[in-house]
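Each remark here refers to the structure printed beneath this line.
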Amino acid sequence: MEKDVPIVVVKEVGKSYGTVEALKEVSFVVERGEIFGLIGPDGAGKSTLFRILTTLLLADKGTATIGGLDVATDYKQIRTKVGYMPGRFSLYQDLSVEENLEFFATVFHTTVQENYDLIKDIYQQIEPFRKRRAGALSGGMKQKLALSCALIHKPDILFLDEPTTGVDPVSRKEFWQMLRNLREQGITIVVSTPIMDEARQCDRIAFINHGKIHGIDTPERILQQFASILCPPSLEREEVRHRTAPVIEVEQLTKCFGNFTAVDHISFQVNRGEIFGFLGANGAGKTTAMRMLCGLSKPTSGIGKVAGYDIFREAEQVKKHIGYMSQKFSLYEDLKVWENIRLFAGIYGMKEQEIERKTEELLDRLGLASERDTLVKSLPVGWKQKLAFSVSIFHEPRIVFLDEPTGGVDPATRRQFWELIYQAADQGITVFVTTHYMDEAEYCNRISIMVDGQIKALDTPARLKQQFGAETMDDVFQQLARGAVRKAD
1 MEKDVPIVVV KEVGKSYGTV EALKEVSFVV ERGEIFGLIG PDGAGKSTLF RILTTLLLAD
61 KGTATIGGLD VATDYKQIRT KVGYMPGRFS LYQDLSVEEN LEFFATVFHT TVQENYDLIK
121 DIYQQIEPFR KRRAGALSGG MKQKLALSCA LIHKPDILFL DEPTTGVDPV SRKEFWQMLR
181 NLREQGITIV VSTPIMDEAR QCDRIAFINH GKIHGIDTPE RILQQFASIL CPPSLEREEV
241 RHRTAPVIEV EQLTKCFGNF TAVDHISFQV NRGEIFGFLG ANGAGKTTAM RMLCGLSKPT
301 SGIGKVAGYD IFREAEQVKK HIGYMSQKFS LYEDLKVWEN IRLFAGIYGM KEQEIERKTE
361 ELLDRLGLAS ERDTLVKSLP VGWKQKLAFS VSIFHEPRIV FLDEPTGGVD PATRRQFWEL
421 IYQAADQGIT VFVTTHYMDE AEYCNRISIM VDGQIKALDT PARLKQQFGA ETMDDVFQQL
481 ARGAVRKAD
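Residue numbers are given in full-length UniProt numbering: position 436 of the sequence shown equals residue 436, and the series is strictly consecutive.
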């Protein structure tokens, strides 16, 4: 096909789920060899569009072609020409790295050897772990394996639906360099992302909201035109001081798995009402450290106290006095909104009368009163995150642990989420948060950055930037994480 003929042509595509219009007369074209971005809030219709273009879903109306082939009638041919990384993890967790790659090659009637040159630069980084189960890899390694699997049949075009969610800034930077290299090899890339720094690396971006395309242009123009949604202003906060003893005290805390030291003699304190950022690349030891502080894993050595309780001897007491929110699991998707609130409140030992009163207050405050009987799985991602956070502090704990709470959430919703964090901190709740978004690191009172199981920096964002001669926290993070010795495995 001629090079100047668009590889993707979408004309007035529409898709509804019951009474909900997910896509409304969407039209655009993607040129061969470009990186084309789809940007928009949660629930805007991005994933539905990806599924239609990769022939996994039929549109209700309109037409779409990939390389001149119709997605409705020529789906078998199209599937040999596209690579797809869906928003949810696309690998087989119980298969090893090499078994995943061989499986995808077999599905497309090819071999790893035949197209190895295409994936060589990416796959060589994970090849030392080829015998390891995919489910045991770090976020960055999973991402590289998923990209290798999507490329193994040498597609003409790649569809990537938020491919870097849950991945640290260093791995994200490497990933986008890989995409640029693939574009140079003639592969067209269509990508969605909630991260505006990534959107800026596209050749063109389309802004989609409420199922409609509102503009297609260069990243600079689109981000300027829709700044209120895509680039909301930073939050300002006048910190409320709480003068009490530290609520988290850690001294020489260590965790070993056999000969591997995941957390290596870390020491720090966190005060009441403080927002404490706990940063580090994938594999740095953050999650292991957080699991010890939550009473979920026993330390190998060292001392740790949370809410006045020893994490080694009084783990059950620790669990009763903290809140916890994970990116991977926080709410029960098949329960209604009010049922989730009631379930977790009961687990935390709250009384029936108090649960009823506070449930109504919470639903009104979050603007979810009309959604009380809605199944959680039907809520937009941003609403789920705000509900999950509110449930985690429903019993008014002294400390709440947030493990990448805003992964995959659009900028405007992330800002709203941090307003909830500020309100909790002002009430005296200590917030211990991990994040891969460096703009969120700026919102913390203090930040620690882990490298190879050790805390290599700990101070306020302003002092850290001064110490490292950096303009942003991303610059600070990149400087430290580049010095890592062990692989993020």
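Beta carbons are placed, not taken as given, at the ideal position from N, Cα and C, and that holds for glycine.
{"Check": "Which parts of the stretch 153-215 are runs of the beta strand (DSSP E), unbroken and 3 residues or longer, counting only runs that do not cross its ends?", "Outcome": "157-161, 188-192, 204-209"}
{"Check": "Relative to the alpha-carbon of G304, which residue among E249, L296, L230, S390 has its alpha-carbon at the smallest distance?", "Outcome": "E249"}
{"Check": "Take every Cβ of the stretch 436-448, pair it with every Cβ of the stretch 397-413, and state whether three or more of those distances are shorter than 8 Å.", "Outcome": "yes"}
{"Check": "Starting from the Cα of Q224, find the closest Cα among A206, E238, E236, R241 and give me that residue.", "Outcome": "A206"}
{"Check": "Curious, which full-length alpha helix (DSSP H) runs of at least 4 residues does the stretch 344-424 contain?", "Outcome": "352-366, 381-392"}
{"Check": "For V244, count the other beta carbons within 10 Å of its own beta carbon; 16 or more makes it buried, fewer makes it exposed. Which is it?", "Outcome": "The residue you asked about is not Val; residue 244 is Thr in the sequence shown. The residue in question, T244, is exposed, as its Cβ has fewer than 16 Cβ neighbours within 10 Å."}
{"Check": "Take L335 and list the residues in its own chain whose beta-carbon comes closer than 8 Å to its own, dropping the five residues that flank it on each side.", "Outcome": "L343, L375, V376"}
{"Check": "So, is Y17 buried or exposed, given that buried needs 16 or more other C-beta atoms within 10 angstroms?", "Outcome": "exposed"}
{"Check": "Can you find the residues in the same chain that come closer than 6 Å, C-beta to C-beta, to S330, ignoring five residues on each side of it along the sequence?", "Outcome": "A388"}
{"Check": "Is I126 helix, strand or coil by DSSP?", "Outcome": "coil"}
{"Check": "I'd like the span of the beta strand (DSSP E) that includes K456, first residue to last.", "Outcome": "454-459"}
{"Check": "CB-CB under 7 Å to N100, same chain, minus the five flanking residues each way: which ones, in chain order?", "Outcome": "L91, Y92, A134, L145, C149"}
{"Check": "Is it buried or exposed for S392, if we count other Cβ within 10 angstroms and need 16 for buried?", "Outcome": "buried"}
{"Check": "Provide the residue span of the beta strand (DSSP E) that contains D264, from first to last.", "Outcome": "260-270"}
{"Check": "DSSP on D117, reduced to helix/strand/coil?", "Outcome": "helix"}
{"Check": "Exposed or buried, which one is F175 when buried takes at least 16 other CB atoms within 10 Å?", "Outcome": "buried"}
{"Check": "For A484, does the three-state DSSP call read helix, strand or coil?", "Outcome": "coil"}
{"Check": "Between the C-alpha atoms of K358 and Q385, what's the straight-line distance to the nearest angstrom?", "Outcome": "19 Å"}
{"Check": "Tell me the rounded alpha-carbon separation between L230 and T472.", "Outcome": "19 Å"}
{"Check": "Taking the continuous beta strand (DSSP E) assigned at R446, which residues delimit it?", "Outcome": "446-451"}
{"Check": "In chain order, what residues of the same chain lie with their CB nearer than 6 Å to the CB of R398, ignoring the 5 residues before and after it?", "Outcome": "V247, A307, H321"}
{"Check": "Considering only heavy atoms of the ligand FAD, does any lie closer than 7 Å to the CB of V13?", "Outcome": "No copy of the ligand FAD appears in this structure; indeed no ligand is present at all."}
{"Check": "Rounded to the nearest angstrom, what separates A345 and F417 at their Cα positions?", "Outcome": "21 Å"}
{"Check": "What are the residues that DSSP puts in a beta bridge with R342?", "Outcome": "Paired residues: none, contrary to the question."}
{"Check": "What do you reckon, are the CB atoms on R32 and I7 nearer than 8 Å?", "Outcome": "yes"}
{"Check": "Verify whether the separation of the beta carbon atoms of S192 and L38 is less than 8 Å.", "Outcome": "yes"}
{"Check": "Among L279, L420, E184, whose alpha-carbon lies nearest the alpha-carbon of G453?", "Outcome": "L279"}
{"Check": "Hey, out of Y443, K286, I311, whose CA is closest to L296's CA?", "Outcome": "I311"}
{"Check": "Restricting to Cα atoms, I'd like to know which of E354, I275, R204, K298 is closest to F432.", "Outcome": "I275"}
{"Check": "On a CA-only basis, which of N259, E251, T261 is nearest Q269? Give me that one, please.", "Outcome": "E251"}
{"Check": "Between Y116 and the rest of its own chain, which residues show a CB-CB distance below 8 Å, the 5 nearest in sequence each way excluded?", "Outcome": "Y123"}
{"Check": "Report the rounded CA-to-CA distance for A470 versus Q479, giving the unit in angstroms.", "Outcome": "9 Å"}
{"Check": "Would you check if the stretch 182-199 and the stretch 453-466 touch, i.e. whether three or more CB-CB distances between them fall below 8 Å?", "Outcome": "no"}
{"Check": "Check this for me: beta carbons of T63 and D70, under 8 Å apart or not?", "Outcome": "yes"}
{"Check": "Kindly indicate which three-state DSSP category F477 falls into: helix, strand or coil?", "Outcome": "helix"}
{"Check": "Flag this pair as yes or no: are the beta carbons of K255 and T288 separated by less than 8 Å?", "Outcome": "yes"}
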